[in-house]
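A quick write-up on the structure given underneath.
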Amino acid sequence: MNEYKAEFASTTSARNLSEAMKGADVFVGLSTKGAVTPDMLKQMGEKPICFAMANPDPEIGYREAKEARPDIIMATGRSDYPNQVNNVLGFPFIFRGALDVRATAINEEMKLAAVHALAKLAREPVPEKVFAAYGGIPFQFGPDYIIPKPFDSRVLLWVCPAVAKAAMETKVARTQINLDDYVATLEKRLGVRQSFVRSIKDKIEMEQTRKPQDSLLRIVFPEGSNNKILKACDIIRSENICEPILLGNSQRIRENIAKLGLSNLNDVTIITPSASDFRTKYADEFWHHRQRRGLTREQSFSLMKNENYFGSMMVKQNDADGLLSGVTQSYPDTIRPFLEVVGARKNMRIAGVYMMLFKDRIFFLADTTVNIEPNASDLADIAICAAEEARFFDVEPKVAMLSFSNFGSNNHPLALKVREAVRLIKLRRPDIVVDGEMQSDTAVVPEIVNESFPFCEIKGGANVLVFPDLQSANICYKLLQRIGGAEAIGPILVGMNKPINVLQRSSDVEEIVNMAMITVLEIKKMRNQETQHAK
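In structure tokens form, the structure reads like this:
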């Protein structure tokens with residue numbers, strides 16, 4: 001026996017593998033195909049753990065092991081079965097963390113830090129993008145998912161900082177780094193979207209640190225029984241983004257929460273509108289608001305069974321701070337109750353703004369969802385709201401008013417409408433950099449402006465693109481998203497009297513969480529504006 005084997009040797013009566021595995025809880029193999037038999041597994045302890053990692057074929061096959069012991073927690077080195085143990089989850093990220101602090105060695109503490117980081121990540125909710133990479137199969141921590149998948153980009157953000165921290169703590173790092181800044185740097189490697197989402201999280205955390213006495217904001221989710229909404233709310237609660245309020249059939253919602261194993265929602269607030277004590281109060285308030293628009297008291301009472309109407313009234317009556325809905329209905333059907341109950345801010349136009357994230361640039365597109373044929377004054381309002389939204393997200397707005405015409409090259413009424421909108425914006429908000437009318441390539445290619453339109457007030461390319469009508473904006477953002485390589489965040493409803501946002505039907509869990517964070521920021525922005533106006 002050599003010194004390496006001696007380290008693991010123990011004094012027992014067992015003289016072969018079969019005897020050694022009798023009553024054992026864990027088997028870890030790095031040997032050869034067929035070394036373990038079904039009978040050996042059958043004599044192991046309750047719920048045994050078997051890491052059969054012989055390469056290329058394990059000591060015992062996954063199916064064979066499962067047939068012998070259905071209660072087994074089984075892992076192999078193969079990608080065609082659950083729980084693949086592969087050095088792709090270790091080496092790249094251990095090396096990255098070590099190199100980024102210029103470590104003089106990779107010690108046991110650094111390796112263990114990587115192990116613990118992977119173990120913690122495995123317990124986190126898995127993004128739907130990871131599901132998509134594996135044929136849409138959902139994963140949840142349990143016997144068939146005990147280790148993150150190789151295609152999970154979050155491994156970079158969990159393992160590298162853990163390794164770097166361990167290197168600094170054990171004095172093998174030659175460079176000391178700020179771990180928060182380091183995570184932000186790593187996120188930039190994953191693309192603009194990841195970095196942008198990180199900035200949103202930082203804004204929320206900064207606000208919570210600045211006002212720790214404030215309770216979490218309450219956001220209503222009218223589609224409370226929807227699985228995507230529930231999974232998103234589980235993450236939202238675990239990360240203290242806000243306090244969700246779920247609307248719908250309480251029994252069905254509770255059953256879905258239990259079925260999905262969402263422990264963070266065990267004590268979440270659930271309201272069934274049809275059985276709520278507030279239904280009559282909200283119905284009376286809404287009837288008074290709409291009684292001269294053909295609404296009867298009976299109709300108002302009936303509408304309050306609808307979760308979107310009920311949720312809108314919660315926000316209007318300050319029983320909730322914001323609302324997020326839309327994954328189960330069409331956009332027009334979802335937004336209608338919000339427009340009727342909450343409506344627009346005074347002298348403002350409601351519009352939908354999408355943030356389109358490319359590798360090295362961010363664009364704000366408006367109006368992508370609401371106004372079908374806006375006039376010049378409407379376009380001016382839309383542009384101002386979009387510019388303010390860009391500024392709120394720390395992007396200094398440069399607004400291009402788009403058309404098929406470049407600076408008077410065509411006097412068609414459609415071009416004249418956009419030209420007039422530019423005049424109105426400059427009149428109403430001289431602080432906003434805006435120009436037009438201009439074609440889309442003129443707006444985003446600085447060389448065109450420099451060579452052909454040096455008088456244009458936008459230098460370096462526009463970042464806020466305002467379209468002449470809904471169809472052009474909607475077509476453009478969807479093409480950019482589907483074939484242009486852009487990642488879309490939104491739509492953000494601007495101009496609303498209360499913080500309400502409408503989700504796209506196709507929104508995944510991650511997008512719902514992102515929109516919840518944006519809604520939280522919108523609430524805080526609106527409150528800050530109200531405080532400033534009060535002064």
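The sequence shown begins at 1 in my numbering and counts up by one. Even glycine gets a Cβ: it sits at the ideal position worked out from N, Cα and C. Computed from a predicted structure; not experimentally measured.
For E64, which residues of its own chain have a beta-carbon under 7 Å away from its beta-carbon, when the five flanking residues on both sides are left out? P38
Alpha-carbon to alpha-carbon, D319 and E510: Roughly 26 Å between the two C-alpha positions.
Proximity to L357 [Cα-Cα], best of E457, G485 and Q291: G485
Going straight from the alpha carbon of E240 to that of L216, what length do you get? Checking the sequence, you will find Asn at residue 240 rather than Glu. Looking at the two C-alpha atoms, the distance is approximately 7 Å.
List the residues that DSSP assigns as beta-bridge partners of L493. G352
So I372 packs on L470, CB below 8 Å; how close in whole Å? 5 Å
Would R349 and G495 qualify as a contact pair, given that the criterion is a beta-carbon distance under 7 Å? yes
Identify whether A488 lies in helix, strand or coil by the three-state DSSP scheme. strand
Outcome for S225 when other beta-carbon atoms lying within 10 angstroms are tallied against a minimum of 16: buried
Spatial distance of F301 from I335 (CA atoms): 19 Å
If you measure between the beta carbons of R345 and N497, is that distance less than 7 Å? yes
Does the contact criterion of 3 or more C-beta pairs under 8 Å hold for the stretch 462-476 versus the stretch 322-332? no
Bridge partners - G29, DSSP secondary structure assignment: Partner(s): A52.
How big is the Cα-Cα spacing for V422 and L414? Each residue's CA atom was taken as its position, placing V422 and L414 some 13 Å apart.
Quick one: grab the DSSP three-state call for A75. strand
Are the stretch 188-204 and the stretch 120-127 touching by the rule of at least three beta carbon pairs closer than 8 Å? Touching, no.
Alpha-carbon to alpha-carbon, M1 and S10: 12 Å
Pairwise C-alpha distance: M110 and I177: 16 Å
Checking the sheet assignment: what are the DSSP bridge partners for V218? A small correction: the amino acid at residue 218 is Arg; Val does not occupy that position in the sequence shown. According to DSSP, which records beta bridges pairwise, R218 is partnered with E243.
Give the straight-line distance between the Cα atoms of P82 and V88, rounded to the nearest whole angstrom. 16 Å
Quick check on S409: buried or exposed, where buried means 16 or more other Cβ atoms within 10 Å of its Cβ? exposed
Note the first and the last residue of the continuous beta strand (DSSP E) segment covering L324. G322 to S325
Does DSSP classify Q84 as helix, strand or coil? strand
Helix or strand or just coil, what does DSSP make of V197? helix
Report the CB separation of P468 from S377 in whole angstroms; it is logged as a contact under 8 Å. In fact, because the Cβ distance is near 14 Å, the residues do not count as touching under 8 Å.
Going by C-alpha to C-alpha distance, which of G294, G322, D284 and A283 sits closest to P222? Selected option, being the one with the closest Cα: G322.
Helix, strand or coil at V433 according to DSSP, with G and I counted as helix: strand
Distance, M515 Cα to L365 Cα: 16 Å
Which listed residue (A386, L30, I94 and G45) has its alpha carbon closest to that of A75: The shortest Cα separation from A75 among A386, L30, I94 and G45 belongs to L30.
Roughly how many angstroms separate the alpha carbons of I362 and F139, rounded to a whole number? 32 Å
Once DSSP output is grouped into helix, strand and coil, what is the label at T269? Here DSSP, grouped into helix, strand and coil, assigns T269 to strand.
Identify the residues that DSSP records as bridge partners of A103: which are they? A173
Given F131, which residues of its chain have a CB within under 8 Å of its CB, disregarding the five upstream and five downstream residues? Here the set comprises I137, P138 and F139.
Three-state secondary structure assigned by DSSP to M21: coil
Is it true that the CB of E457 sits closer than 7 Å to the CB of D435? The criterion of a C-beta distance shorter than 7 Å is satisfied by D435 and E457.
Just checking, does the stretch 476-490 make contact with the stretch 389-401 on the three C-beta pairs under 8 Å criterion? no
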